[in-house]
Amino acid sequence: MNRVELTREEHRVVVIGSGFGGGVTALRLAQAGVPVLLLERGLRWPTGPNAQTFPRATAPDKRILWHRSSPELFGRPVAFEPYAGLVEAVPGENMTALCAAGLGGGSLVYQGMSLQPTEEVFATHFPDGFDWHALDTVYYPRVARMLGLAVAPDELIASKNYTAARVFAQHARDAGLPVSKIPMPIDWNYALAELRGEMTPSYTNGDGSLGVNNGGKHTVDVTYLAAAEATGRVTIETLHEVTDIERAPDGRWIVHVNRTDAAGTVLENKILTTGALVLAAGSLNTTRLLVRAAGKGQIPDLPAELGRGWGTNADRIYVWTAPTEDFGPAQGGPVVYGSLNWDDPATAHTLIQASIPPLSMDAHSTMMVGYGASADRGEFRYDTAADAATLHWPADGDAGIQNEHIGPAAHRIAGPSSTLLDTNAAFPSTWHPLGGASMGTVCDLDGRVLGQSGLYVLDGALMPGTTAACNPSMTIAALAERALDRLIATDVGAVL
Numbered sequence: 003m004n005r006v007e008l009t010r011e012e013h014r015v016v017v018i019g020s021g022f023g024g025g026v027t028a029l030r031l032a033q034a035g036v037p038v039l040l041l042e043r044g045l046r047w048p049t050g051p052n053a054q055t056f057p058r059a060t061a062p063d064k065r066i067l068w069h070r071s072s073p074e075l076f077g078r079p080v081a082f083e084p085y086a087g088l089v090e091a092v093p094g095e096n097m098t099a100l101c102a103a104g105l106g107g108g109s110l111v112y113q114g115m116s117l118q119p120t121e122e123v124f125a126t127h128f129p130d131g132f133d134w135h136a137l138d139t140v141y142y143p144r145v146a147r148m149l150g151l152a153v154a155p156d157e158l159i160a161s162k163n164y165t166a167a168r169v170f171a172q173h174a175r176d177a178g179l180p181v182s183k184i185p186m187p188i189d190w191n192y193a194l195a196e197l198r199g200e201m202t203p204s205y206t207n208g209d210g211s212l213g214v215n216n217g218g219k220h221t222v223d224v225t226y227l228a229a230a231e232a233t234g235r236v237t238i239e240t241l242h243e244v245t246d247i248e249r250a251p252d253g254r255w256i257v258h259v260n261r262t263d264a265a266g267t268v269l270e271n272k273i274l275t276t277g278a279l280v281l282a283a284g285s286l287n288t289t290r291l292l293v294r295a296a297g298k299g300q301i302p303d304l305p306a307e308l309g310r311g312w313g314t315n316a317d318r319i320y321v322w323t324a325p326t327e328d329f330g331p332a333q334g335g336p337v338v339y340g341s342l343n344w345d346d347p348a349t350a351h352t353l354i355q356a357s358i359p360p361l362s363m364d365a366h367s368t369m370m371v372g373y374g375a376s377a378d379r380g381e382f383r384y385d386t387a388a389d390a391a392t393l394h395w396p397a398d399g400d401a402g403i404q405n406e407h408i409g410p411a412a413h414r415i416a417g418p419s420s421t422l423l424d425t426n427a428a429f430p431s432t433w434h435p436l437g438g439a440s441m442g443t444v445c446d447l448d449g450r451v452l453g454q455s456g457l458y459v460l461d462g463a464l465m466p467g468t469t470a471a472c473n474p475s476m477t478i479a480a481l482a483e484r485a486l487d488r489l490i491a492t493d494v495g496a497v498l
């Protein structure tokens, strides 16, 4: 048996995870003069025109799946050789949550809808204490600039490959529902270049659902993290998976890490000690690390609400089939139009048209994605026998908003001659796991874990189980930007 080397290191700040929360944290701390070590369990996924970096949805391979993922993805068994792939399926009671792996986190595989909630919807679902004027005029706009948000140009939408987007918009208007273009972190000139035959299609045929090979998508790795590395103060270590965290007797933080190869084989054990630990591994992995540390007594006196307040953002994915509509065999994406039904903050919900992967013929089908502001919550609990934090979700979770608001709106858009296949009814799942170390109960609004100096949560786990009828990325990043402004002013030099 080969002996695995053990390495010990000390760092000023360790950040676990490289999605929106980790990217914002690394860049802003570095700009404030603070050296940062950022750990990412997955790979770098560099892209460029005509690259073959990401897998195609119509021809899945080992790049799709994280090597310790559930063997079921989207309700179907899959079997690939072990690999540090893009998506981990985490099964729980009544729910499978999906999370990303790779430098850039969920931004690699998300469609990119970048929505800012209204003040009324935000205030209904988030704790008191936020200055909405600052969020609206400083922090959301800052994220929009960093991600280069833009809506699809009319020239692109008018093309044959974007027929499905136009059909969705017309159906929604005919149903009396609002329609708007959705801001996306995309340089749409790449899609226009595809139409001119200058690049292999990736946007314009819907083949970018698991990552856009041509580039032009402003993911966290090419925005926040590229800027962070350019400061010279941020060290990024990929294929570094954190297994445990604990508090040292002197009050500092100990991080146990496995350095692996792309197949998951452990090459080196690392024990890192740091005065400040930022958890930004996503709702699932941040929560699992904390709940496990609490269950094993590695971090005493964590807040009692840890693991609770977990939500799905009321996710829904429908296959919309309309025999009388010609959606086209190639459906441009990622997203052009949506219907933002936010008049009632308590039941606010959103429906988006999303392309399907390219087919050889027009299947008269496309996708609709829904999410909303639901009050239902689940929790993670420590299972002593399994030595793991496991997810528990109520069997009827989100039923109210789905059955009374999201579903009826989707049927109104589809119309009476269409059918909707509710994929979540067959396979309850979410791409937008939120909460578990929520603000107001486990952390303060700036991500400080209550009663634990030097321990921070700055990712989807900090959200209160919802992001107010919007997909989470924009709000996670905006609240992280706000938190870092405040933490730099108060904690740097004292804790960080």
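Note that the sequence shown covers residues 3 to 498 in my numbering. For each residue, glycine too, the CB sits at the ideal point set by N, CA and C. For clarity, every value in this text was computed on a predicted model and none was experimentally measured.
DSSP beta-bridge partners of residue i
i, result
"Asp209", "Bridge partners of Asp209: none, in fact."
"His13", "Thr276"
"Leu194", "DSSP lists no partner for Leu194."
"Tyr502", "Coverage of the chain is limited to positions 3 through 498, which leaves residue 502 absent and any answer about it impossible."
"Val268", "Thr262"
"Leu393", "Phe382"
"Ile18", "Leu41 and Leu281"
"Thr312", "Note that residue 312 corresponds to Trp in the displayed sequence, not to Thr. Bridge partners of Trp312: Gly380."
"Ser182", "Gly340"
"Ile188", "Lys219"
Where residue i falls: helix, strand or coil (DSSP)
i, result
"Ile403", "helix"
"Ala125", "helix"
"Arg511", "As displayed, the chain neither begins before 3 nor continues past 498, which places residue 511 out of reach and without an answer."
"Ala388", "coil"
"Glu42", "coil"
"Val497", "coil"
"Glu231", "helix"
"Met115", "coil"
"Ile159", "helix"
"Leu281", "strand"
"Val6", "coil"
"His366", "coil"
"Thr323", "strand"
"Val257", "strand"
"His220", "coil"
"Ala152", "strand"
"Gly24", "helix"
"Trp47", "coil"
Range of the contiguous alpha helix (DSSP H) that encloses residue i
i, result
"His413", "Gly409 to Ala416"
"Gln172", "Thr165 to Asp176"
"Arg290", "Gly284 to Gly297"
"Tyr339", "Where Tyr339 is concerned, there is no enclosing alpha helix (DSSP H), although the beta strand (DSSP E) it sits in stretches over Val337 to Asn343."
"Leu148", "Per the sequence shown, residue 148 should be read as Met rather than Leu. Tyr142 to Leu149 is the extent of the alpha helix (DSSP H) around Met148."
Endpoints, beta strand (DSSP E) assigned at residue i
i, result
"Phe382", "Glu381 to Asp385"
"Asp246", "His242 to Arg249"
"Glu239", "Val236 to Glu239"
Beta-carbon proximity list for residue i, same chain, < 7 Å, skipping 5 on both sides
i, result
"Ser420", "Trp322, Thr323 and Ala324"
"His13", "Leu39, Leu274 and Thr276"
"Gly131", "Leu447"
"Trp190", "Ala152, Ala154, Pro155 and Leu158"
"Leu179", "Ser341, Asn343, Ala411, Arg414 and Ile415"
"Lys219", "Gly114, Pro187 and Ile188"
"Ile319", "Met369, Val371, Thr425 and Asn426"
Same chain only: Cβ atoms within 6 Å of residue i, ignoring 5 sequence neighbours per side
i, result
"Ala470", "Pro119, Val123, Phe124, His127 and Ala375"
"Arg43", "Ala103 and Glu243"
"Leu423", "Val321"
"Gly399", "Asp378"
"Gly108", "Gly21 and Ala102"
"Ala195", "Met201"
Spatial neighbours of residue i in its chain, beta-carbon cut-off 8 Å, leaving aside the 5 residues before and after
i, result
"Arg488", "Asp448"
"Val293", "Leu308, Gly309, Phe382, Arg383, Tyr384, Ala391 and Gly438"
"Ser161", "Leu197, Thr206 and Gly334"
"Asp364", "Asp328, Phe329, Gly330 and Pro331"
"Ala480", "Gln118, Leu137, Tyr141, Tyr142, Arg144 and Val145"
"Ala193", "Ala154, Leu158, Tyr205, Thr206, Gly218 and Gly334"
CB contact check: residue i to chain D, cutoff 9 Å
i, result
"Ile273", "Here there is only one protein chain, and chain D is not present."
Exercise. Which runs of the beta strand (DSSP E) fall wholly inside the stretch 419 to 492 and span at least 3 residues, in chain order?
Worked result: 421 to 424 and 457 to 459
For this session: Identify every run of the beta strand (DSSP E) within the stretch 57 to 113, keeping only runs that are complete inside it and at least 3 residues long; order them along the chain.
Result: 89 to 94 and 97 to 102
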